[in-house]
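Chains as they are written, first to last, in this note's numbering: chain A, 7 to 352; chain B, 53 to 544. Where is the CB? At the ideal position from N, CA and C, for every residue including glycine.
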Amino acid sequence: MKELLDKIFQLNSLAIVGMEKNVGKTTTMNYIIENAWGKHLLGLTSIGIDGEKEDQVTGTDKPMVYVEKGTLIATAKSAYLSSDLTKGVLATTGLQTPMGEVVIFEALSDGFVELMGPSINKYLKLVIQKLKVLGSRLVIVDGALSRRTMASPAIADGVILATGAAVSRDMQEVVVETAHRIDLLQIDYEKNQEKVELVKSGLGQGKVCFIQGDELQVTDEVTAIGAESTIKTGLEAGAEGVIIGGVVGDRLIEYLVSQRVALEGKVIYVEDGTKLFLKEENYRRLQLKGAKVLGLNPINIQLVTVNPYSPEGYFFDSSELCQLLHERIQLPVFDVISKIGVGVEG
Amino acid sequence: MKDIGLNHVLDQLRIMTPYGREQLQAVKPYSIDRLSNLKRVLEDQELMISSLSASPQIYDHIEREFCRIKDIKGSIKRCKNQGVLDDIELFEIKLFAIYGENIRKHYESLDLSIEDVCFQDLEPVIDLLDPEKKRFATFSIYDAYSDELKKAREKKRDIEKLLYNENDSERSEELKQERSKLVEEEEQLEGEIRIHLSQQLQQYGERLEENVISIGLLDLYTAKARLAIEKGCSKPLFQEGIQLEMVRGRHPYIEDLLQEEGKTITPINIDLKAGTNAITGPNMGGKSVTLRTIALNALLAHMGFFVFADTLRLSCFDFIHLLADHLESIKGGLSTFGGEIVKFNEYMKDIKRSRGLVLIDEFASGTNPYEGKLLVKSLMEYLQRFNTISVFITHFDGVVGAGVNHYRVIGLKHVNFNELIDQGNNDSKYRLKLIQSLMDYRLEPVENEENVPKDGLNIATLLGLDSEIIEIAKAHYLKEVQFCGKETEKDA
Numbered sequence: 007m008k009e010l011l012d013k014i015f016q017l018n019s020l021a022i023v024g025m026e027k028n029v030g031k032t033t034t035m036n037y038i039i040e041n042a043w044g045k046h047l048l049g050l051t052s053i054g055i056d057g058e059k060e061d062q063v064t065g066t067d068k069p070m071v072y073v074e075k076g077t078l079i080a081t082a083k084s085a086y087l088s089s090d091l092t093k094g095v096l097a098t099t100g101l102q103t104p105m106g107e108v109v110i111f112e113a114l115s116d117g118f119v120e121l122m123g124p125s126i127n128k129y130l131k132l133v134i135q136k137l138k139v140l141g142s143r144l145v146i147v148d149g150a151l152s153r154r155t156m157a158s159p160a161i162a163d164g165v166i167l168a169t170g171a172a173v174s175r176d177m178q179e180v181v182v183e184t185a186h187r188i189d190l191l192q193i194d195y196e197k198n199q200e201k202v203e204l205v206k207s208g209l210g211q212g213k214v215c216f217i218q219g220d221e222l223q224v225t226d227e228v229t230a231i232g233a234e235s236t237i238k239t240g241l242e243a244g245a246e247g248v249i250i251g252g253v254v255g256d257r258l259i260e261y262l263v264s265q266r267v268a269l270e271g272k273v274i275y276v277e278d279g280t281k282l283f284l285k286e287e288n289y290r291r292l293q294l295k296g297a298k299v300l301g302l303n304p305i306n307i308q309l310v311t312v313n314p315y316s317p318e319g320y321f322f323d324s325s326e327l328c329q330l331l332h333e334r335i336q337l338p339v340f341d342v343i344s345k346i347g348v349g350v351e352g
Numbered sequence: 053m054k055d056i057g058l059n060h061v062l063d064q065l066r067i068m069t070p071y072g073r074e075q076l077q078a079v080k081p082y083s084i085d086r087l088s089n090l091k092r093v094l095e096d097q098e099l100m101i102s103s104l105s106a107s108p109q110i111y112d113h114i115e116r117e118f119c120r121i122k123d124i125k126g127s128i129k130r131c132k133n134q135g136v137l138d139d140i141e142l143f144e145i146k147l148f149a150i151y152g153e154n155i156r157k158h159y160e161s162l163d164l165s166i167e168d169v170c171f172q173d174l175e176p177v178i179d180l181l182d183p184e185k186k187r188f189a190t191f192s193i194y195d196a197y198s199d200e201l202k203k204a205r206e207k208k209r210d211i212e213k214l215l216y217n218e219n220d221s222e223r224s225e226e227l228k229q230e231r232s233k234l235v236e237e238e239e240q241l242e243g244e245i246r247i248h249l250s251q252q253l254q255q256y257g258e259r260l261e262e263n264v265i266s267i268g269l270l271d272l273y274t275a276k277a278r279l280a281i282e283k284g285c286s287k288p289l290f291q292e293g294i295q296l297e298m299v300r301g302r303h304p305y306i307e308d309l310l311q312e313e314g315k316t317i318t319p320i321n322i323d324l325k326a327g328t329n330a331i332t333g334p335n336m337g338g339k340s341v342t343l344r345t346i347a348l349n350a351l352l353a354h355m356g357f358f359v360f361a362d363t364l365r366l367s368c369f370d371f372i373h374l375l376a377d378h379l380e381s382i383k384g385g386l387s388t389f390g391g392e393i394v395k396f397n398e399y400m401k402d403i404k405r406s407r408g409l410v411l412i413d414e415f416a417s418g419t420n421p422y423e424g425k426l427l428v429k430s431l432m433e434y435l436q437r438f439n440t441i442s443v444f445i446t447h448f449d450g451v452v453g454a455g456v457n458h459y460r461v462i463g464l465k466h467v468n469f470n471e472l473i474d475q476g477n478n479d480s481k482y483r484l485k486l487i488q489s490l491m492d493y494r495l496e497p498v499e500n501e502e503n504v505p506k507d508g509l510n511i512a513t514l515l516g517l518d519s520e521i522i523e524i525a526k527a528h529y530l531k532e533v534q535f536c537g538k539e540t541e542k543d544a
């Protein structure tokens with residue numbers, strides 16, 4: 007695990023995301039922080055929640071992490087005020103969130119901080135940059151895999167995915183769902199530089215676009231939802247690819263399949279794997295039909311952490327779960343409670 | 053007034069602070085009772101321009117500080133109103149004071165005394181928020197504020213060290229409880245310090261506000277000075293009497309447009325008197341641009357800006373009105389004409405009771421030419437008796453009465469059309485550019501009502517109007533003896 011951790015601390019930024027609530031994301035975060043203690047200066051922030059008040063009321067994760075003196079934190083003003091350590095303000099950012107302006111401060115003592123960062127990619131990037139400029143060795147972003155967030159963990163150099171018993175009562179299910187989520191997160195990314203520029207430009211339009219050769223055709227549709235027939239028409243008219251800025255869900259795929267749209271060789275471009283909310287069977291269908299899904303920004307999963315306990319009271323055999331996962335996904339897997347892992351030797 | 057190009061000028065001002073932006077929003081034309089203020093602003097502008105040329109590095113330093121200035125009026129207001137400030141507000145005030153002091157020192161080294169730009173000493177504010185005298189651009193409730201606080205924090209630190217090494221979860225919980233109590237104590241003490249600091253800062257609230265204004269004004273004036281230098285603007289001269297004399301005046305928007313095409317603008321000289329003035333000349337002769345050049349520069353002068361001319365001598369006007377029709381509108385007809393009359397009536401109210409500048413572009417062109425001409429002629433005669441400077445642009449022939457100050461665009465007077473028309477090239481875009489390049493946009497005074505050069509037919513021919521039509525027109529022309537002004541050059 008040491009070599010893996012060393013590798014992680016070489017990154018500029020690291021995002022930690024969870025399959026669900028209660029999969030130990032905060033525990034994972036604390037684990038990384040503990041391992042940096044006394045060694046590496048950390049910068050911390052989170053991907054903010056961009057949603058109705060309910061999300062905040064029903065308690066979508068507002069992690070309270072315990073940090074070492076000297077840590078740099080970027081969080082919303084109200085979270086700053088409720089963090090219980092001795093703190094010093096380093097900068098205001100002018101970036102607004104529903105919980106106030108994002109401020110950057112230094113922990114002047116050990117203690118608990120509440121993380122509420124920006125919810126827009128552009129702002130998140132600025133915050134990460136600022137934390138690095140102020141001296142962080144590694145910036146850790148507490149992330150989210152929600153449809154509601156506009157900011158994406160893909161912005162970080164590396165990602166840790168937290169999973170656990172909370173995902174399902176059936177251990178096999180946990181493995182299958184986690185593996186599927188990883189497949190989606192780790193979709194291939196476009197490597198052809200010209201195509202990349204085209205896709206970037208398409209995503210910048212704020213509307214669904216088609217690619218034909220080296221030309222971009224912009225439609226009037228803002229999201230894929232409701233645009234199914236437009237996409238069908240475009241693909242049938244010969245477009246090689248479609249660029250979708252937001253979420254790509256089952257509805258679109260099921261529509262294209264049921265309408266028997268010829269998908270061989272067609273490409274669906276998305277910002278990154280976090281935008282895909284597809285059932286395993288629909289993703290497989292796409293692939294069987296010869297279609298590809300490519301992301302603009304790659305997601306590099308460094309580690310998968312496991313919490314074998316569920317809040318509902320049941321738990322799994324940790325080593326069995328880790329072993330099954332590791333075999334299926336070929337990535338290092340680590341139990342953050344028992345601190346035992348599989349495939350974590352560097 | 054928007055379509056005279058004011059926004060084009062204002063958008064080019066490089067304003068760096070939110071306070072500067074506010075000052076810009078608040079800029080209005082000065083009225084005659086504030087003429088001395090206006091003159092002072094222009095004098096200050098002049099001083100600033102020479103200062104900027106003499107010491108550019110100091111202005112660079114100031115600019116660097118300007119970039120860091122954020123809008124903290126909310127925090128200052130709370131400070132003045134006895135609110136208890138939080139860490140972030142204290143932080144913002146501290147930084148504002150540090151940057152403000154830097155700006156003050158740089159400004160004082162310039163040895164200028166610009167009206168209303170007066171920086172207050174904020175050193176005491178910094179001292180309050182920097183008990184350790186480190187002058188860092190950060191803030192926290194420092195240990196130095198209170199021994200009690202220092203001790204509480206030390207105790208807390210000791211517990212945290214134990215907590216870090218504690219593996220037994222029960223003992224951990226106990227330690228966490230102890231720590232919580234100390235956290236509470238710390239927060240209590242910090243709260244008291246914040247109240248105390250807020251009280252101490254209250255007396256400086258006004259100083260902070262004055263610096264906000266001074267920063268805003270300095271920012272605006274510097275931006276104006278930079279623009280004036282860059283664009284070669286001059287100080288407008290407000291004089292007694294009723295006049296507007298412009299030497300080598302330019303329209304900044306057109307100038308920029310032409311520059312993009314690698315061309316230069318033709319500057320205009322004109323001397324306007326009280327009563328009626330007229331500018332006539334061919335279509336595409338730049339008359340509308342000239343009108344707007346006069347309007348824009350006059351307005352800029354009244355707003356305390358340097359103008360886009362080598363010289364502008366003018367009176368302080370009570371009003372500046374521009375009556376410009378949408379000549380391109382195909383609608384035309386009575387509705388546009390009706391609108392003109394209504395607007396003109398409004399302007400007449402001002403004209404009757406005070407003195408100003410009225411610019412009228414192609415009045416009554418939306419009605420039949422016979423009546424149109426009569427109306428324009430009557431209007432021009434009527435306005436002669438007033439103190440207001442009125443400027444008419446018209447393409448009508450024979451409306452400029454005796455005694456009216458008359459200018460004409462030189463236009464294509466000196467062009468040999470026959471040569472041109474014989475030239476092979478049939479491309480109308482090319483021909484258009486040719487006309488533009490041959491057009492002499494300068495104005496010349498007209499002594500008496502000579503025959504207006506009838507370039508309409510020539511321009512139409514040059515632009516490729518069907519030769520059969522040209523022949524028919526020529527035949528009519530020859531028949532005409534006294535009827536002036538066939539509107540063949542009027543675009544639909």
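Please confirm if K203 of chain B has its CB atom under 8 Å from at least one CB of chain A. Start at 1 with the first residue of the second sequence, and residue 203 of chain B comes out as number 151. So, not an interface residue.
At a CB-CB cut-off below 8 Å, which residues of chain A make contact with E144 of chain B? Numbered from its first residue, the second sequence carries residue 144 of chain B at position 92. The answer, in chain order, is T98.
Is P497 of chain B helix, strand or coil when you go by DSSP? In the second sequence, counting from the first residue as 1, residue 497 of chain B sits at position 445. Here P497 of chain B sits in strand by DSSP.
Run through the DSSP bridge pairs and tell me what H458 of chain B is partnered with. Here residue 458 of chain B is taken as the residue at index 406 of the second sequence, counted from 1. Partner(s): B:A330.
Identify which residue in B:E167, B:L366 and B:D123 has its Cα closest to the Cα of Y151 of chain B. Here residue 151 of chain B refers to the residue found at position 99 of the second sequence. The shortest Cα separation from Y151 of chain B among B:E167, B:L366 and B:D123 belongs to B:D123.
Contact under 8 Å by Cβ, V253 of chain A with A230 of chain A: The residue given as residue 253 of chain A occupies position 247 in the first sequence. The residue given as residue 230 of chain A occupies position 224 in the first sequence. Cβ atoms of V253 of chain A and A230 of chain A: closer than 8 Å.
So what does F191 of chain B bridge to, in DSSP terms? For the purposes of this step, residue 191 of chain B is identified with residue 139 of the second sequence, where counting begins at 1. DSSP, once it has assigned bridges, lists A:V95 as partnering F191 of chain B.
If you drop the 5 nearest sequence neighbours on each side, which residues of the same chain put their C-beta closer than 7 Å to that of V276 of chain A? Position 270 of the first sequence, counting from 1, holds the residue named residue 276 of chain A. Around V276 of chain A: I250, V254, L282, V299 and G301.
Would you decide whether A243 of chain A is buried or exposed? Buried here means 16 or more other CB atoms lie within 10 Å of its CB. Counting from 1 along the first sequence, the entry for residue 243 of chain A is found at position 237. Answer is exposed; the Cβ neighbour count stays below 16.
Please list the partners that I140 of chain B has in chain A, where partner means a Cβ-to-Cβ separation under 8 Å. Locating residue 140 of chain B in the second sequence gives position 88, counting from the first residue. In chain order: K83, Y86, V95, T98, E107 and V109.
Beta-carbon of K345 of chain A versus every beta-carbon of chain B: anything under 8 Å? Against the first sequence, residue 345 of chain A aligns to sequence position 339. So, not an interface residue.
Does A525 of chain B come out as helix, strand or coil in the three-state DSSP assignment? Walking along the second sequence from the start, residue 525 of chain B turns up at place 473. Residue state, collapsed to three classes: helix.
Name the two residues that bound the continuous alpha helix (DSSP H) containing G424 of chain B. Locating residue 424 of chain B in the second sequence gives position 372, counting from the first residue. Counting along the chain, the alpha helix (DSSP H) containing G424 of chain B begins and ends at P421 to L435.
Whole angstroms is fine: what's the gap from Q75 of chain B's alpha carbon to K238 of chain A's? Along the second sequence, one-based indexing puts residue 75 of chain B at 23. Along the first sequence, one-based indexing puts residue 238 of chain A at 232. Going from the Cα of Q75 of chain B to the Cα of K238 of chain A covers about 54 Å.
Using only alpha-carbon positions, find the residue among A:Y289, A:C215, A:I343 and A:M105 that is nearest to V312 of chain A. Taking the first residue of the first sequence as 1, we reach residue 312 of chain A at position 306. The shortest C-alpha separation from V312 of chain A is found at A:I343.
State yes or no: is the beta carbon of S115 of chain A nearer than 8 Å to at least one beta carbon in chain B? Mapped onto the first sequence, residue 115 of chain A falls at position 109. Yes - at least one Cβ of chain B is within 8 Å of the one on S115 of chain A.
Neighbourhood of E60 of chain A by C-beta, 7 Å cutoff - its chain only, sequence neighbours within 5 removed: Within the first sequence, the letter at position 54 stands for residue 60 of chain A. Below a pLDDT of 50, predicted positions are generally treated as unreliable, and E60 of chain A, at 39, falls in that range; the measurement from the model is reported next regardless. Closer than 7 Å at Cβ, skipping near neighbours: no residue.
Determine the extent of the beta strand (DSSP E) in which L174 of chain B is found, giving its start and end residues. Position 122 of the second sequence, counting from 1, holds the residue named residue 174 of chain B. Looking at the DSSP string, L174 of chain B is not in any beta strand (DSSP E), and its letter there is neither H nor E.
Taking 8 Å as the threshold (C-beta atoms), are K272 of chain A and E234 of chain A in contact? Within the first sequence, the letter at position 228 stands for residue 234 of chain A. Within the first sequence, the letter at position 266 stands for residue 272 of chain A. No; because the gap between Cβ atoms is not below 8 Å, this pair is not in contact.
Assuming A361 of chain B and V299 of chain B make a contact with CB atoms under 8 Å, what is their CB distance in whole Å? One-based indexing of the second sequence puts residue 361 of chain B at position 309. One-based indexing of the second sequence puts residue 299 of chain B at position 247. So it is a contact: roughly 6 Å between Cβ atoms.
I want to verify the contact list: residues of chain B whose CB lies under 8 Å from the CB of T77 of chain A, in sequence order. The sequence position of residue 77 of chain A within the first sequence is 71, counting from 1. Those do not exist, as T77 of chain A stays about 13 Å from chain B at its closest Cβ, beyond 8 Å.
Run through DSSP, which three-state label would L464 of chain B get? Numbered from 1 along the second sequence, position 412 holds the residue referred to as residue 464 of chain B. Three-state result, L464 of chain B: coil.
Taking the alpha helix (DSSP H) that S19 of chain A falls in, what are its first and last residues? Within the first sequence, residue 19 of chain A is the residue found at index 13, counting from 1. Unbroken run through S19 of chain A is the beta strand (DSSP E), S19 to G24; no alpha helix (DSSP H).
When you compare the CB of D90 of chain A with every CB in chain B, is at least one pair closer than 8 Å? What you label residue 90 of chain A is simply residue 84 of the first sequence in a count that begins at 1. Judged by the 8 Å Cβ criterion, D90 of chain A is in contact with chain B.
Residue from B:A512, B:M100, B:K404 and B:L484 whose Cα sits closest to the Cα of L274 of chain B: Position 222 of the second sequence, counting from 1, holds the residue named residue 274 of chain B. The sequence shown places Thr at residue 274 of chain B, not Leu. Looking at the Cα atoms, B:M100 is the closest of the given residues.
Can you name, in chain order, every residue of its own chain whose Cβ lies under 7 Å from the Cβ of A171 of chain A, other than the five neighbours on each side? The residue given as residue 171 of chain A occupies position 165 in the first sequence. Within the same chain, A171 of chain A has close Cβ partners V180, N313, P314, Y315, S316, Y320, F321 and F322.
Cα separation between G100 of chain A and I161 of chain A? One-based indexing of the first sequence puts residue 100 of chain A at position 94. One-based indexing of the first sequence puts residue 161 of chain A at position 155. Approximately 20 Å, taken between the alpha carbons.
Any idea what DSSP makes of F357 of chain B, helix, strand or coil? Mapped onto the second sequence, residue 357 of chain B falls at position 305. Residue state, collapsed to three classes: coil.
Could you check the C-alpha separation between K31 of chain A and G149 of chain A for me, to the nearest Å? Residue mapping note: residue 31 of chain A aligns to position 25 of the first sequence, counting from 1. Residue mapping note: residue 149 of chain A aligns to position 143 of the first sequence, counting from 1. Those two C-alpha atoms are separated by around 9 Å.
For I67 of chain B, decide whether its Cβ has a neighbour in chain A, counting only Cβ atoms nearer than 8 Å. Working through the second sequence from its first residue, we reach residue 67 of chain B at position 15. Chain A contact via Cβ: absent.
For L411 of chain B, write down the residues that DSSP places opposite it in a beta bridge. To locate residue 411 of chain B, count along the second sequence from 1; it is residue 359. Per DSSP, B:L374 and B:V443.
Can you tell me whether DSSP reads T69 of chain B as helix, strand or coil? Within the second sequence, residue 69 of chain B is the residue found at index 17, counting from 1. Three-state DSSP puts T69 of chain B in coil, outside helix and strand.
What residues in the region 165-194 of chain B have a beta carbon less than 7 Å from any beta carbon of chain A? T190, F191 and S192
Strictly under 8 Å for the Cβ-Cβ distance: is E238 of chain B near chain A by that measure? Your numbering for residue 238 of chain B matches position 186 in the second sequence. Answer yes: the Cβ-Cβ gap between E238 of chain B and chain A drops below 8 Å somewhere.
Residues of the region 72-84 of chain B with a CB closer than 8 Å to any CB of chain A: list them in chain order, please. none
Can you tell me whether E58 of chain A is buried or exposed, with buried defined as 16 or more other CB within 10 angstroms of its CB? Reading the first sequence from its first residue, position 52 is the one you call residue 58 of chain A. Confidence at E58 of chain A is low in this model, with a pLDDT of 41, below 50, so its placement is unreliable and no value can be given for it.
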